[in-house]
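Colleague:
Numbering (my numbering), first residue to last: 17 to 293.
(1) Say whether the region 220-232 touches the region 46-66, bearing in mind that this needs 3 or more beta-carbon pairs closer than 8 Å, one atom from each stretch.
(2) Over the uninterrupted alpha helix (DSSP H) stretch that includes residue 115, give me the two end residues.
(3) Assuming residue 32 is part of the beta strand (DSSP E), what are its boundary residues?
(4) Would you call residue 90 buried or exposed, if buried means 16 or more other Cβ atoms sit within 10 Å of its Cβ?
(5) At what residue ranges does the region 195-281 contain a whole run of the alpha helix (DSSP H), taking only runs of 4 or more?
(6) Going by DSSP in three states, residue 185 sits in which element: helix, strand or coil?
(7) Per the DSSP calculation, residue 97 is bridged to which residue(s)?
(8) Closest to residue 172 by CA distance: which of 140, 206 and 221 is it?
(9) Beta strand (DSSP E) containing residue 27: first to last residue?
(10) So, is residue 175 buried or exposed, given that buried needs 16 or more other C-beta atoms within 10 angstroms?
(11) Between residue 19 and residue 77, what straight-line distance do the alpha-carbon atoms span, to the nearest angstrom?
(12) Given that a residue counts as buried once 16 or more other Cβ atoms are within 10 Å of its Cβ, and exposed if not, what is residue 255?
(13) Would you mind sorting residue 236 into buried or exposed? The rule is 16 or more other CB atoms within 10 Å of its CB.
(14) Compare the beta carbon distance of residue 210 and residue 238 with 8 Å and say whether it is the shorter of the two.
(15) Does DSSP classify residue 79 as helix, strand or coil?
(16) Tell me whether the beta-carbon of residue 106 lies closer than 8 Å to the beta-carbon of residue 165.
(17) Are residue 98 and residue 66 closer than 8 Å when you measure CB to CB?
(18) Do residue 81 and residue 219 count as a contact pair if the criterion is CB distance below 8 Å?
(19) Alpha carbon to alpha carbon, how far is residue 24 from residue 154? Give it in angstroms, no decimals.
(20) Name, in chain order, the residues that DSSP records as bridge partners for residue 48.
(21) Can you name the start and end residues of the alpha helix (DSSP H) that residue 65 belongs to?
Encoded structure:
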């Protein structure tokens, strides 16, 4: 069953089609990956899903509802959370305070509650704190709770961004290059976290350059090139697709690309050939 679907989705900036005619079904309870060379339109595609950009063409539906062009705060309320390639945190606030910020979208507190510290205000404060601590524990960073977010290691910052997103109680989590800037060992650990998120009942769609991570995690892969769909399928199908191999290797000769398909090209796609991207 599709949790989210796009049909003919496109975004034009001036005369450039950053995304063009992309259709995708994100199945509930699965891990969907979006990959492609640098400038392929991956982050733009994510921004269209989350409402940061209004599409030039096409539609986005989430849980059967048309959310095309809906503002980000409204998509978050409906259950779509997004992290970014460059981690966006309040550096001078603690890790815990950053995660608590994610609870704002679920708050029922009004100005009267806040000013007069009503019973509802106190209940929400306790509930939000409990939820934030649970997110910190789940992502394995509770020991950093009282440290400034700008002073913790890169991996902890990545996990803080995920904890903040989880604190919004999403149904769909969009992860934009979650393993960027961390070691291979940390990447493997992050992959385990992604599996745990899905086991928790949250569907995951991610953009990532580390092909070893993608091939071990994804149930379904969409490959973009120059904003358009190049290929789509299971990890095995993507690894064997000569169009993907050629795009990743940058080979001009079709025969060379085909010959490389079962050796250099395939192993490159399996590992980190998208270093160009």
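Just so you know, even glycine gets a beta-carbon here, dropped at the ideal spot from N, CA and C.
Modeller: If we stick to the structure as given:
(1) In the pairwise beta carbon analysis, the region 220-232 is classified as touching the region 46-66: at least three pairs are separated by under 8 Å.
(2) For residue 115, the enclosing alpha helix (DSSP H) covers residues 111-117.
(3) Start and end: 32-43.
(4) Of the residues assessed, residue 90 falls on the exposed side of the cut-off, its CB having fewer than 16 other CB atoms within 10 angstroms.
(5) Correct list: 200-215, 227-233, 251-256, 258-265 and 270-276.
(6) Looking at residue 185 - three-state DSSP - the assignment turns out to be coil, as it is neither helix nor strand.
(7) Its beta-bridge partners are 189.
(8) In terms of Cα proximity to residue 172, the closest of 140, 206 and 221 is 206.
(9) Residue 27 -> beta strand (DSSP E) spans 18-29.
(10) Burial call: buried.
(11) Their Cα atoms are separated by approximately 8 Å.
(12) That one is buried.
(13) Classification for residue 236: buried.
(14) No, Cβ-Cβ distance for residue 210 and residue 238 is not below 8 Å.
(15) Of the three classes helix, strand and coil, the one that applies to residue 79 here is coil, per DSSP.
(16) Contact check for residue 106 against residue 165 passes: the beta carbons are separated by less than 8 Å.
(17) The answer is yes: Cβ separation under 8 Å.
(18) Not in contact: residue 219 and residue 81 (Cβ atoms no closer than 8 Å).
(19) One alpha carbon belongs to residue 154, the other to residue 24, and they sit about 37 Å apart.
(20) Note: residue 48 sits in a beta bridge opposite 221 and 236.
(21) Annotation: the continuous alpha helix (DSSP H) that includes residue 65 extends over 58-66.
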